[in-house]
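The next block holds one structure in the form of structure tokens; read it before the comments.
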Amino acid sequence: MNNFSFYKDGKAFYCLLFLVFFLSFPPVSASSIERRSPSFFQQHQVQGTITDGTSPLPGVTIAIKSKPQSSTISDFTGQYSLLVSPADTLVVSFMGFKTALVPVNGRTTVNVKLGFDTTTLQEVRVNAGYYSTKQSERTGSISSITSKDIEIQPVTNVLAAMQGRMAGVSITQTTGIPGGNFEIKIRGQNSLRAEGNAPLYIIDGVPYASDPIGSAQISTLFPYATGALNGINPDQIQSIEVLKDADATSIYGSRGANGVVLITTKKGKSGKTKFTMSASSGAGKVTQFVKMMDTNQYLSMRRRAFANDGISDYPESAYDINGTWDQNRSTNWQKKLLGGTSLYTDMQASVSGGSDNTNFYLSGNYHSESTVFPGDFLYKKGGGQFNMNHQSEDQKFKIQFSAGYTLQDNDQPSFDLTTEARTIAPNAPELYNPDGTLNWANSTWQNPLRNLPAKFESKTHDFLANTVLSYEVLPGLLLKSSMGYTNLRHSETRLNPSTIYDPAFHLGSSSSSLILGSTNRNSWIIEPQLNWERAIGNHKLGLLLGGTFQQQSTAQLVESGTGFSSNSLIYNLAAASRIKILTDNAILYKYQAFFGRLNYNWKERYIVNLTARRDGSSRFGPGNQFATFGAIGAGWLFSKESFLNEFSWLSFGKLRGSYGTTGSDQIGDYQFLDTYATSGVLYGGKSGLVPSRLYNPNFAWETNRKLELALETGFLQDRIFFTAAWYRNRSSNQLVGIPMPGTTGFSSLQSNLEATVQNAGWEFTLRTVNLSKGPFEWTSSLNLSFSRNKLLRFPGLEGSTYSEKYRLNAPLNITLLYEYTGIDPTTGLYQFRDINNDGKISFPDDKQIVADLNPQYYGGLQNQLSYKGWSLDFLFQFVKQKNVNYPVGATGEMYNQPEVTQHAWQQPGDLGPYQIQTAGYNFDALTAGSLYSESTASISDASFIRLKNISLWYDLPLKQTKCRLMIQGQNLLTFTGYKNGDPEFTSFGSLPPLRVITAGVQFTF
């Protein structure tokens, strides 16, 4: 994927490389021409502004022709001044723009507009991990976004910043609760194990473990255990590159099977010290609610349900309809419990600058975010980043140092109120009594606010540092070493005080409980490298050799305590009368590798790239600890062929392809060993041991074979740039649990299964300059991905425990369903197809219909418009998919239902669309309702188009200080035919994403 916009006037390219380069360069004093160079003319000062036709350009070099020692650099407002003679000619040069020769002609003011240079833009180097390559000469598939795309989004998770902006990268938000996770899949799902599909994250050359750091027993408000990626601060990121094909990922070997995400933090630039400060605040609301019944509709359903069951005297427990609760009361519980406003606050400050040999960047940030739930809950995040670069006077020795620290403090309820908000009867009682206490309505209901004191609290300290030393031993021969260290400390708590129970139960602090969890993760990595490059005529050769030595240690402890003498002591585990160790793990992971790359380039037209890696991992047994992975990539820049010279409309053309292997050791540690665990049962006062895993010396690597072919073309000086790529990845030797007979005492044996998973698809990107004339500019970017996942091979699938989870030649992300055929007009019951014709609907024989829950296609459309000081950027994200509906089941019982279910069968001849209602006494209706929730009727089109992001800003026309006013929005509009709330989710019942609007100001001086 080509992620650089090559077009006239270069606005996007300037933003890409120099958004953080608003440096106030003081005019560099020219050498004293008056003293050193006699002139035939009287010298004078010339000044002016350098622009691209729309915006000022900082960092532009302005020199005098034939006098290169007399030069200056434009400041962040694009202004410059220089001592010249009337007959001099200015040479104005800037990367990405054509060099301009401008005669002074005796003028004192010379303003210059630089024009776009396509060839220069194609020379931009792209980060490929261990090496960089020219954009025009890369043979691998690399997608990228920059700080320009990230800074306009009010997000706190790095994956949120990537949504909808990269072809082949599918990202789904799992919850709208602050500190929640996102799910990412790069070109589909490669592993049968859900936890085996995470990509490799590299921050400034240091691997960053994305494994969960929390416990599912504690972080019960999230669909999944607390993840680590919130520790990456988007505000500190300069660029994100995603490596996808074999050519790009094979050099990472066993860690690159699921793609590689390269994150580069912001760096300083030489020049005058620059200060940047920004502050913003805003609000968030739930994007979309399920349309539930109001009181009249609900009570009508309940009365009809009892009538259908032949019951005229309502039971004592039917408080909603027997007169116990006010039947004129109507509450929208979604708005009551989920309709709050989440308040956002962001503050950032940075300082950067330096000389030609040494530069630095120092920044700090703070973010706070409340929730939409009732109560005072707050998510806080703060941190700092420091980068320093230095080189010797002869530019042979270089050192780069970066360090970042992030602290997260999350205080939330321990339960997501979404499901309860959708099921409570609309005429349920008030939440509070007149005296402000919780209203339990004489024990006729469970007050939904009872769980607010049951808090989830977590703190995460995240530190990452990296140092890179390099020395140019000989011209073209570079010796380099990268050393990194990470430290993560995470603690979390879940409280269950006795106050969450109905006071009528008279439960005291002896019923209170506490669960504590902590995770400590440390890792270090050392990567020595040798890089050699040589050009001989039309031939260019590059060689890279290196090694990796990494170690990671993880300690996790989860404890619980119950029975406290007082709730005031609930945070003190020692005060509990019963203490239990739930998890106590200490894990050591060791990894080493040797890698290499050979690159050959002839005439900058024909390119071959070879990569290889020999990996060793402690996660495998003797004889299987090492494996070799490699790839070949090739590219042909056909636009440089002489027979195409007459086609001036074709500015760029390249064919590229790659094939190779990557691997995966994402199976956890010690899985091949014969292990034991404590039983938790005392015998003779001592806790015993029980076997927990069988030894398997044949435990080996997963292998992913990747193939790709791609075409990249630019037209009309790259005003139109199009990329099309086809890929096919096949992952084999799957690491899974092989089912074992119950007589062995083990449910499964961790082993390699001869199963093969294939991901194939097409990716398209299109960038256009729609208008670039005068002060107005409009560009568009489209990415579109079609991906097909299927299980190609699985020996013995029919007889395995996976037989009701997977199907050959079907995707992995499927659900097996009963086939819904309609409503019996006589009985009013849901009907289903009897597949095996045995006269009954049963599992598993009749639950055989496959529903594919993978997106059919997805992508994003971005537009950027600018006029003088105004800029507007907006992104539409779109997904074509199916998803599960609201779990309706049998309607008529004492919980609310979607409004559409009021159209139920009432008498013989009716066709529904919903079956006869029951208050819980019609067994056949209950059974049919349960089957309905697992049938084809439970799946519907959940496609959507979402205005994912919009940003509007205005740069005030100030002279010495740059002031930017900005408004940003996230998830503002959603267009969908899905009737069950927001269509973006992985687990039904989670809080939907929030609609966020913020406003702020940024100063640069």
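Numbering (this note's numbering), first residue to last: 1 to 1005.
Quick reminder that beta carbons are idealized off the backbone N, C-alpha and C, glycines included.
Every value quoted in this text rests on a predicted model; they were computed, and no experiment measured them.
Backbone secondary structure at residue i - three-state DSSP
i	result
M740	coil
V468	strand
G547	strand
F21	Because the pLDDT of F21 is 33, which lies under 50, any placement of that residue in the model is unreliable, and the number read from its coordinates should be weighed accordingly. Residue state, collapsed to three classes: coil.
D235	helix
G621	coil
E708	strand
F985	coil
V996	strand
Residue i - partner residues in DSSP beta bridges
i	result
L965	Y954, V1001
P154	According to DSSP, which records beta bridges pairwise, P154 is partnered with nothing at all.
P103	T89
S1047	Shown here, the chain extends from 1 to 1005; a query on residue 1047 therefore has no answer.
T371	DSSP, once it has assigned bridges, lists no residue as partnering T371.
Q758	R730, K790
V206	I203
D584	L557
I526	M483, F549
S772	E777
P691	Y676
K65	Beta-bridge pairing links K65 to no other residue.
Cα-Cα separation between residue i and residue j, rounded to whole angstroms
i	j	result
G268	G383	18 Å
Y606	H539	10 Å
E777	A465	40 Å
D326	N427	6 Å
S239	G271	22 Å
L452	G375	7 Å
G685	I579	16 Å
P27	Q47	Confidence in P27 is poor, its pLDDT being 35 and thus under 50, which makes the residue's placement unreliable; the coordinate value appears in the next sentence. When rounded, the distance between both Cα atoms is 10 Å.
Q717	M347	40 Å
G621	L545	27 Å
F944	R165	16 Å
G547	S987	41 Å
R995	K98	43 Å
G761	Y727	6 Å
A225	S210	12 Å
A30	S143	Only weak support exists for where A30 lies, its pLDDT of 33 falling under 50; the coordinates are left without a value.
A167	Q877	12 Å
S37	S70	With a pLDDT of 37 at S37, under the threshold of 50, the modelled position of that residue is not reliable, and the figure given next carries that caveat. The straight-line gap from Cα to Cα measures roughly 11 Å.
K590	I213	19 Å
P993	P178	10 Å
L853	S566	49 Å
F746	E420	38 Å
N3	A631	At N3, the pLDDT of 40 sits below 50, so the modelled position is not reliable and the matter cannot be decided from this model.
Check whether residue i and residue j have beta carbons under 8 Å apart
i	j	result
M277	R422	no
L543	L479	no
S706	A246	The amino acid occupying residue 706 in the given sequence is Lys; Ser does not appear at that position. A contact, by the Cβ cut-off of 8 Å.
T901	N308	no
G129	Q666	no
V91	A63	yes
Q556	T611	no
T89	H44	no
E369	Y344	yes
D462	G231	yes
K274	T1004	yes
S692	T675	yes
E893	G920	yes
Every unbroken alpha helix (DSSP H) within the stretch 325 to 358, with a cutoff of 4 residues, ordered by chain
Within the stretch 325 to 358, the complete alpha helix (DSSP H) runs of at least 4 residues are 333 to 338.
Unbroken stretches of the beta strand (DSSP E), 3 residues or longer, contained in the stretch 245 to 299
You should have 260 to 265, 271 to 286.
What are the start and end residues of each continuous alpha helix (DSSP H) run of 4 or more residues lying completely inside the stretch 916 to 951, in chain order?
Fully enclosed alpha helix (DSSP H) runs of 4 or longer: 923 to 932.
Run through the stretch 777 to 828 for me and flag every whole alpha helix (DSSP H) of 4 or more residues, listed as ranges in chain order.
Contiguous alpha helix (DSSP H) elements confined to the stretch 777 to 828 do not occur, taking only those with 4 or more residues.
Which ranges does the beta strand (DSSP E) cover as unbroken runs of at least 3 residues, wholly within the stretch 389 to 436, from first to last along the chain?
Listed in chain order, the beta strand (DSSP E) elements of length 3 or more contained wholly in the stretch 389 to 436 are 397 to 413.
Segments of 4+ residues assigned as alpha helix (DSSP H) that fall wholly inside the stretch 161 to 194
With a minimum length of 4 residues, no continuous alpha helix (DSSP H) run stays inside the stretch 161 to 194.
For the stretch 821 to 873, which segments carrying the beta strand (DSSP E) assignment without a break, of at least 3 residues, lie completely within its bounds, in sequence order?
Residue ranges of uninterrupted beta strand (DSSP E) with 3 or more members, entirely inside the stretch 821 to 873 and ordered along the chain, are 830 to 832, 849 to 852, 857 to 867.
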